[in-house]
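Student: Input: one structure, supplied below.
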Amino acid sequence: MGLFSTEDDATKTPRTDNLMGNVMGYLDTRIDLVRLETQEKVKTAFVGTLHGVALATIGLLFFLFLNIFLGLLLNDVLDSPYWGFGIVAGFYLVLLVVFVIGVDKKLFQGLADKLLNNTIYKSDKRQA
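Residue 0 is where the sequence shown starts when you use numbering that gives the first Met the number 0, and the numbers rise one by one after that.
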């Protein structure tokens, strides 16, 4: 044995070096793929959240101004400065009582099950 040789040199052949290189390349590629998939999912979630917040804000403003309009319209019809708003508020109070007392959460659970059934699998591009 020479001055710089070790026992490991005897076990290393071009074939095992090539195999280790392929395995390391595969692992690097796999890690990059997982990173890209994660980045894509985060981007999709961010865009969806931003879109949902924008729609909710616009919808809330529409709903608010529609109720103000209805209150003012009823005030004009009833020739009163406040009864229109009282009627609109009473309607929402009745709606609140109906929801608190009468509507079961199973109704909403069934609706959510129908709307969101298998959405995870539908969006998975890797599934054949």
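Built from N, CA and C at the ideal position, the CB exists for glycine as well.
Let me know the secondary structure DSSP gives residue 56 once reduced to three states.
Tutor: Here residue 56 sits in helix by DSSP.
Student: Could you please give the first and the last residue of the uninterrupted alpha helix (DSSP H) stretch that includes residue 109?
Tutor: Per DSSP, residue 109 belongs to the alpha helix (DSSP H) from 104-114.
Student: Would you decide whether residue 93 is buried or exposed? Buried here means 16 or more other CB atoms lie within 10 Å of its CB.
Tutor: By the neighbour-count rule (16 or more Cβ atoms within 10 Å), residue 93 is not buried but exposed.
Student: Looking at C-alpha atoms only, which residue of 52, 83, 46, 43 is the closest neighbour of residue 65?
Tutor: Answer by Cα proximity: 83.
Student: In angstroms, rounded to a whole number, what distance separates the CA positions of residue 87 and residue 70?
Tutor: Looking at the two C-alpha atoms, the distance is approximately 6 Å.
Student: Is residue 100 a contact residue of the ligand ZN, with contact defined as CB to any heavy atom under 6 Å?
Tutor: This structure lacks the ligand ZN; in fact it carries no ligand of any kind.
Student: Which class does residue 91 belong to by DSSP, given the choice of helix, strand or coil?
Tutor: Note: residue 91 maps to helix in three-state DSSP.
Student: May I ask you to report which of helix, strand or coil DSSP gives residue 78?
Tutor: Three-state result, residue 78: coil.
Student: Between the C-alpha atoms of residue 0 and residue 22, what's the straight-line distance to the nearest angstrom?
Tutor: Because the pLDDT of residue 0 is 48, which lies under 50, any placement of that residue in the model is unreliable, and the number read from its coordinates should be weighed accordingly. Cα to Cα, the separation comes out at about 31 Å.
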